[in-house]
Amino acid sequence: MRRFSRITGTGSYLPPRRLSNADLAAELATKGVETSDDWIVERTGIRARHFAAPDVCASDLGFEAAKAALQAAGRAPQDIDLIIVATSTPDMVFPSTACILQHKLAQLNDAAKGIAGCPAFDVQAVCSGFVYALTVADAMIQTGAANRALVIGSEVFSRILDFTDRTTCVLFGDGAGAVVLEASDTPGILASDLHADGKHVGILCVPGNVSGGRVIGSPLLTMDGQAVFKLAVGVLEDAARATLAKAGLKDTDIDWLIPHQANIRIMQSTAKKLKVPLEKLIVTVDQHGNTSAASIPLALDVSVKSGKIKPGDTLMLEGVGGGFTWGAVLLKL
Ligand code: ACO
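Residue numbers 2 to 334, in the numbering used here, belong to the letters of the sequence shown in order.
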């Protein structure tokens, strides 16, 4: 019998420090950087974001989201046999944030020590990271390499923002989302479609690297916003259509569209192209900003917990980000 994978629990976590656009504008004004709530809302749909405290890392946010997902799935850490963390803001150059997070889960209690030993690794596909990670976990479950995975998106983008660049620093936030993905006789994940095109490396990147004990080049995010906008709108439609075709479904079968939460204008334009009514578009970018790899699982969890998304619903998850990377996962909850 064919093996499938199915999401059995979702969780998320936002660091407590919330900044409205007005709060951020006031902070930026002290650096001589001018912005306004009106500009940010009109161009992006963002109204607020959360920033982690300086000593809080991606593994800390991911740990909280993972605990919540485990609880929702009725599972304990020792039930997990695969951990994948999607992040572009890891705790360290190495080891992976997934290994650090595994150890935090193992320390919860005596039984939880059983999570030690399972494979744990990070996926780096920037804002497409979660759809990449979910696709890899699904493939490993389908082949029998894993039975019960924790798939986490966790980011502290505030660490790589240039707070003197108003074109980028108003867009991003910190947070984490997680799912438990389990082997199942019925799908679950129906189809996925992943892509990358490295010729666009320069339009969205953190170009610095570590060499000889020093950071060489800028360790802060740079972006050509208009180039990103144009690319994102085109590829999101293509990935969604390819995924629907693989699953033998139509755009009218989508109950909820959960795109990467980057910018309300990109999200609405994608929904229109897919003929998905705006009432079926999940929007959390207004409250979270762009949390990169965390944005899709965060939006999913918020919508599950609020009762908007229900078991049995058909969801289209879509990521797009630096690389350039993009992709979609179609699933039945
Ligand atoms: N506050 C006030 N004014 C600003 C700000 C700001 N925060 N940022 C830029 N401006 C000004 C500019 O200086 C410019 O002024 P000028 O006309 O006097 O020169 C004016 O606003 C217009 O700037 P543009 O860059 O042309 O603004 P645009 O309409 O392109 O919007 C934005 C910029 C929001 C970044 C848009 O290009 C966009 O959404 N791009 C998509 C990028 C994105 O979402 N990236 C997220 C990461 S990638 C991902 O997740 C897929």
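For every residue, glycine included, the Cβ atom is placed at its ideal position computed from N, Cα and C.
Since the model is a prediction, treat every value here as computed from it, not as a measurement.
Item: Where does F230 sit, in a helix, a strand or coil, going by DSSP?; Value: helix
Item: Our contact map puts A140 next to D194 with C-beta atoms below 8 Å; I'd like the distance itself, whole angstroms only.; Value: That belief does not hold up - the Cβ atoms of A140 and D194 are roughly 13 Å apart, past 8 Å.
Item: Whole angstroms are fine: how far does the CA of E183 sit from the CA of A74?; Value: 10 Å
Item: Quick one: what's got a C-beta closer than 6 Å to R149's C-beta in the same chain, skipping five residues either side?; Value: D80, I81, D82, E183
Item: Quick check on the DSSP output: the beta strand (DSSP E) that includes H196 runs from which residue to which?; Value: 190–197
Item: For A99, report the span of its alpha helix (DSSP H) as first-last.; Value: 98–107
Item: Count the CB pairs spanning the segment 302–322 and the segment 16–30 that are closer than 8 Å, and state whether there are at least three.; Value: no
Item: What's the C-alpha gap between N264 and V286?; Value: 7 Å
Item: Assuming A126 and T271 form a contact by the criterion Cβ under 8 Å, report the distance between their Cβ atoms to the nearest whole angstrom.; Value: That pair is no contact at about 18 Å.
Item: Going along the chain, which residues of its own chain have a beta-carbon closer than 6 Å to the beta-carbon of L205, five neighbours each way excluded?; Value: M224, V229, G323
Item: Please determine whether the Cβ atom of M224 lies at a distance below 7 Å from any heavy atom of the ligand ACO.; Value: yes
Item: Does the beta-carbon of A294, which I'm using as the reference point, lie nearer than 7 Å to any heavy atom of the ligand ACO?; Value: no
Item: Pull up the DSSP beta-bridge partners for N217, would you.; Value: According to the sequence provided, residue 217 is Ile. The question's Asn does not apply to it. Its beta-bridge partners are N210.
Item: Quick check on T223: does DSSP put it in helix, strand or coil?; Value: strand
Item: So what does H51 bridge to, in DSSP terms?; Value: R19
Item: How far does the alpha helix (DSSP H) with D38 in it reach, from first residue to last?; Value: 38–45
Item: Return the residue from the list P188, G199, G235, V152 that minimises the CA-CA distance to L71.; Value: V152
Item: What do you get for T169, buried or exposed, if any count of 16 or more other CB atoms within 10 angstroms of its CB means buried?; Value: buried
Item: Give a single yes or no on whether T165 has its beta carbon closer than 7 Å to a heavy atom of the ligand ACO.; Value: no
Item: Do L282 and Q269 have their CB atoms nearer than 8 Å?; Value: yes
Item: Below 8 Å between beta carbons: does that hold for V171 and T36?; Value: yes
Item: Report the start-end ranges of each alpha helix (DSSP H) in the segment 138–197 that is 4 residues or longer and not cut off at the edges.; Value: 167–170
Item: How many Å lie between G12 and V234 at the Cα?; Value: 28 Å
Item: Quick check on F64: does DSSP put it in helix, strand or coil?; Value: helix
Item: Judging by CA-CA distance, which residue of K32, G115, I116, T45 is the nearest neighbour of Q227?; Value: T45
Item: Can at least three beta-carbon pairs, one atom from the segment 46–61 and one from the segment 86–103, be found at a separation below 8 Å?; Value: yes
Item: Can you give the beta carbon distance from A295 to G176, rounded, assuming they're within the 8 Å contact cut?; Value: 5 Å
Item: Return the residue from the list G189, S129, T90 that minimises the CA-CA distance to R160.; Value: T90
Item: Closer than 7 Å: is that where the CB of S21 sits relative to any heavy atom of the ligand ACO?; Value: no
Item: Alpha helix (DSSP H) containing P298: first to last residue?; Value: 296–306
Item: State whether the segment 202–217 contacts the segment 21–32, with contact taken as three or more CB pairs (one from each stretch) at a distance under 8 Å.; Value: no
Item: Which same chain residues end up closer than 7 Å to I116 when comparing Cβ atoms and leaving out the 5 residues on each side of it in sequence?; Value: P78, Q79, I81, Q103, L106, A107
Item: Among residues of its own chain, excluding the 5 on either side of S212, which ones have a beta-carbon nearer than 8 Å to its beta-carbon?; Value: none
Item: Go through its chain and collect everything with a Cβ distance to V157's Cβ below 6 Å, but skip five positions before and after it.; Value: A53, A59, T90, D175
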